[in-house]
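Input: a single structure, listed below in structure tokens.
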Amino acid sequence: MLTKIAGGDIIDPVNGRLGKGDLWISDDKIVAAPAGGAAERTIDAAGCIVMAGAIDIHSHIGGGNVNTARLLLPEQHAAHQARPATTPLSNAGWSTFQTGCLYARMGFTTVVEPAMSPGAALHTHLELADIPIIDKATLAILGNDDFLLSMIRDDASSQMIEDYVAWTVASTRALGVKVINAGAAAAFKENVRTFSLDDVVPSYGVSSRKIVKTLQAAVDSLGVPHPLHVHCNNLGSPGSADTAAATIAAAEGLPLHLAHLQFYGYGTEGKRRFSSAAARLAELVNATPEVTIDIGQVMFGQTVTVSSDVMRQFSARGSAQPKKSVIHDGDGNGGGIVPYSYGKDFYGTMQWAIGLELFLLIDDPWRVFFTTDHPNGAPFTVYPALFELLMTREARTEMIAGLSPSAMALSTLAAIDREYTFEEIAIMTRAAPARLLGLTDRGHLGAGATADIAVYRRDQNIAKMLGQAAYVFKDGDLVVQDGEITHYRWGKALRLNPSPDKAMLRRLEDYHQQRYGLSLDWFDFPDTAIAREQPFGEVACRT
Amino acid sequence: MAVAWIGNRETLVERAAAHAAALLGSSRCPVFSLDTDIHGTRAAIALAERVGAAYDHADGAAVSREAALFTDKGAMTVAPGEARRRADVVVVVGELPQIHHQFVGELSATVPDLSTPDLSARNQREIFLIGSNEMSAPRLSNGRIATILSCGEASLGATLAALRAQWRGRQTSRPVSNFDDFAKALEAAHFPVFLFSGDATEGLALEMLQGLVTDLNRKSRASGLHLSASENGWGSALASTWMTGFPLRTGFARGFPEFDPWRNDVARMIAAGEADLHLRISSSIVQPQKKRNRMALIALAKTHEPVAGAAVTIAIGEAGVDHQAVVYSSRTGSLRSVDARAASELPSAATVIRLVASHVSAEAALPC
Ligand SMILES: [Zn+2]
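Chains A and B supply the protein sequences, listed in that same order. Residues in the first sequence are numbered consecutively from 1, following full-length UniProt numbering. Residues in the second sequence are numbered consecutively from 1, following full-length UniProt numbering.
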């Protein structure tokens, strides 16, 4: 079917297309305007902006830890009244079905679950397969697993390490690799309670830095498009800006992505010894072109922190609100679930301001990514309000008036004039994520691109405008109209598929037999286990 | 071979499914009890939403106690693989379901290979059993016997409370047997692991155990290994949680999912006469039950004859035997894909449930 989205303001930074015009879709692809072609369907986009579907690179939407968080907090997500039954199970308070619908309504069409434990890959993909409408992808966690740490300790060749990383990515159907507080989860199992970049994991004699550098090199050398995704040490602690700075310096010319930098934007100034180091970190990011970051913005209210940084979550148990938590020592990382409420007190204000400072002080929208680290800083449903804060200084000023003055005194936020433009939003939430993940088929509106398109009706109220898309197309299907789901469909999980090395497979088979008493097939699964027609979409590695 | 019956009369699966759908459509209070794999559960929950049913595990009490530990208090847990590779002290908490005895035997026959703990001259894990001699305890390797920690006739919860108090150095009215051995083992341990299940363990005992684990973690490491009373039950709980936000004992009476472990206790609803239709999904062969009231039964079971008293019976295969399936495995602590051991023509629970659902009128597409 040929569709014309007529007369909207097209915002497509990748193809340099900005301004009023038509956009054509044929079936699931964007096409050039056909010569004399007549549209079978015309969408009137006058008074609207037209962008590619948004891509979220870091949002905990599914998998063992997310599901444990649901289980821990039934009282936090009571369902509401039945909606018309066009979208099954989407009125559940916190279900996979609701997740897909809420993202789609905001014009998001691809979301990355950034913390898949390899051992829970099947579980994770089953959850993702029950998230409707949008495409998904995962990052596989490495860096606290005995197999890798032992190889590093034993000076295994880089080829062997790459073979293991390739096997992990392929067997877990991941799009990239993440390392979470490298070495700390392994050290925590041996009763180590704090862990920094140059600390050494007992029993292995391997430093956190060494793990990060090893994985960074392997990911790069394998041609995994997404750079190693790093969750640094010392998350959340005063002075963690030093750790982030040291990790940025450790990039040493190779691509490196630092997750939720806000949670490391903390200095030790002021009488509470907790201050904003955002300006310092932003300057470092600006000066280090091989580094990309996402923010992990904090917004006020109740949420739950879900993290595979088990050491940090263990130490955060005391601040659980309500007072319950789960701490799981997994194969490799495990995780911790700690509910938390961000108040407008000194600390909450500080964290909120630091996130915004980072957004506004990092110059290049191609290198800063829009996240709340859902649900850690806030649930993704706050995105419309966060867009408004980035796009209008007035909204920030209004908000600041109700926050802790002593915190604001330690932040530069109030003095920052910058307002994000729609073009910068299109880069930060579309073009740049696609490029960072190696998804050439999306993030832009050029001919041949997948027809993932978000159309927003212009409104003075940015939150309203970007919160309820006028139209959303996914793979050319019109899925949202006026902020409501109009068509139900199933997306795919995007994955790499490097072919595993045979010798590595034999090694892993022996390892699992010996150490777990189980054959390797206990940890692998066929695509048919997902029970959807096309659960996966393959993405190519760099060559 | 016949695979579907309306009453005692053989029929086509399609007709039996349509009849089941009609019964579900006219039911005032349908309830589902599940003993099935992940895809069977997914299909059942999608159907439950459509017909306003409440659902539970077929033997819901133990799984519900396990879920309650998480929904009410939280926990410290460890993956089974880590337990095998790291636990230098193993503590069996109460009576474990038979399905886990083999794993305990395996723990007794192996030694940890991580963090190289000093297992002294014996080169084996120390194994304790909280409870009494009368319990059916897992068989250990080489005829070893677990050291019993008991408080006479006291309940498991009371024994755990006494253990915790003694560990904290408090006086207890009745000391726990072999406590000194236990304390010595814990002092030296790198990573003691407590094996627990919701089976035959009152909820309070699970909380008390977690209190002890928390105490131990103040200075050193320890954790609990959750060995579920039912692998199918825990798998269903996980799938229910991602699909609705809630574990089992969730109901759709008002059109949206509501979690209420008392109100949606399906066994209770049946006993109290609240339910007027029971959909029982169990791939294993179900013993015919005596009909208690006028409640209608739809039985999906691995059977070659109609289930006694059932208004509709449809034969289904067994997950991992007749067909490929995804199941929860307490051996890995996660979901696992299993091939058909003896593939047959029998349809999966998911297939049959979807067929039933397709006959229930609704505007929405089925999500599973
Ligand atoms: Zn995260």
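All C-beta atoms, glycine included, are put in the ideal place defined by N, C-alpha and C.
Item: Chain B contact residues for Phe-97/A, given Cβ-Cβ distances below 8 Å; Value: Met-243 and Pro-367
Item: Under 7 Å between C-beta atoms of Thr-97/B and Asp-35/B; Value: Checking the sequence, you will find Pro at residue 97/B rather than Thr. In this structure, Asp-35/B does not lie closer than 7 Å to Pro-97/B by Cβ.
Item: CA nearest to the CA of Leu-209/B, picked from Thr-77/B, Phe-103/B and Arg-331/B; Value: Thr-77/B
Item: Counted within 10 angstroms of its Cβ, other Cβ atoms place Thr-214/A as buried (16 or more) or exposed; Value: buried
Item: Below-7 Å beta-carbon distance, Met-76/B vs any chain E residue; Value: This model lacks chain E altogether, as its protein chains are A and B.
Item: Endpoints, the alpha helix (DSSP H) within which Gln-513/A is located; Value: 502-516
Item: Stretch-stretch touch, CB-based, cutoff 8 Å, three pairs: the segment 229-242 of chain B with the segment 325-332 of chain B; Value: yes
Item: The segment 21-33 of chain B in contact with the segment 250-270 of chain A per 3-pair CB rule at 8 Å; Value: no
Item: Partner residues on chain A for Lys-73/B, Cβ-Cβ distance less than 7 Å; Value: Lys-324
Item: With 16 other Cβ atoms within 10 Å as the buried cut-off, status of His-77/A; Value: buried
Item: Leu-300/B versus Glu-14/B: straight-line alpha-carbon distance, rounded; Value: 14 Å
Item: Identity of the residue in Thr-288/A, Ile-453/A, Met-465/A and Leu-235/A nearest Val-31/A by Cα; Value: Ile-453/A
Item: Residues bridged to Phe-329/B [DSSP beta-bridge criterion]; Value: The residue asked about is misnamed: residue 329/B is Ser in this sequence, not Phe. Paired residue(s): Ser-334/B.
Item: Residue from Leu-128/A, Phe-369/A and Gly-267/A with nearest C-alpha to Ile-425/A; Value: Phe-369/A
Item: Below-7 Å beta-carbon distance, Ser-203/A vs any chain B residue; Value: yes
Item: At least three beta-carbon pairs within less than 8 Å, the segment 25-43 of chain A to the segment 355-365 of chain A; Value: no
Item: Beta-bridge partners of Phe-259/B, as assigned by DSSP; Value: Thr-250/B
Item: Cα-Cα separation between Phe-252/B and Asp-260/B, rounded to whole angstroms; Value: 11 Å
Item: Closer than 6 Å: Asp-373/A CB and nearest ligand 1 heavy atom; Value: yes
Item: Residue from Ile-55/A, Ser-208/A, Leu-410/A and Thr-3/A whose Cα sits closest to the Cα of Ala-185/A; Value: Ser-208/A
Item: Chain A contact for Thr-332/B (CB, 7 Å cutoff); Value: yes
Item: Sheet register partners of Lys-20/A (DSSP bridge); Value: Asp-9/A
Item: Continuous alpha helix (DSSP H) stretch holding Phe-147/A: start and end; Value: 146-153
Item: The segment 182-205 of chain B: positions lying closer than 8 Å to chain A by Cβ; Value: His-190 and Phe-191
Item: Minimum Cβ-Cβ distance from Trp-94/A to chain B less than 7 Å; Value: yes
Item: Interface residues of the segment 248-272 of chain B facing chain A [CB-CB below 8 Å]; Value: Arg-254, Gly-255, Phe-256, Pro-257, Glu-258 and Phe-259
Item: Near-chain B residues of the segment 329-358 of chain A - C-beta to any C-beta below 8 Å; Value: Asp-329, Gly-330, Asp-331, Gly-334 and Ile-337
Item: Which residues DSSP lists as bridging Ser-276/A, in chain order; Value: Tyr-266/A
Item: Euclidean distance between Cα positions of Tyr-55/B and Val-352/B; Value: 17 Å
Item: Own chain residues within Cβ distance below 6 Å of Glu-10/B, not counting five before or after; Value: Ala-2
Item: The segment 37-65 of chain B: positions lying closer than 9 Å to chain A by Cβ; Value: Ile-38, His-39, Arg-42, Ile-45, Ala-46, Glu-49 and Arg-50
Item: Per-residue DSSP class, three states only, for Ser-141/B; Value: helix
Item: Within 7 Å, strictly: CB atoms of Pro-247/B and Ala-46/B; Value: no
Item: C-beta contact flag for Ile-55/A and Pro-365/A at 7 Å; Value: no
Item: Below-7 Å beta-carbon distance, Ala-187/A vs any chain B residue; Value: no
Item: Arg-268/B: first and last residue of the uninterrupted alpha helix (DSSP H) it sits in; Value: 266-271
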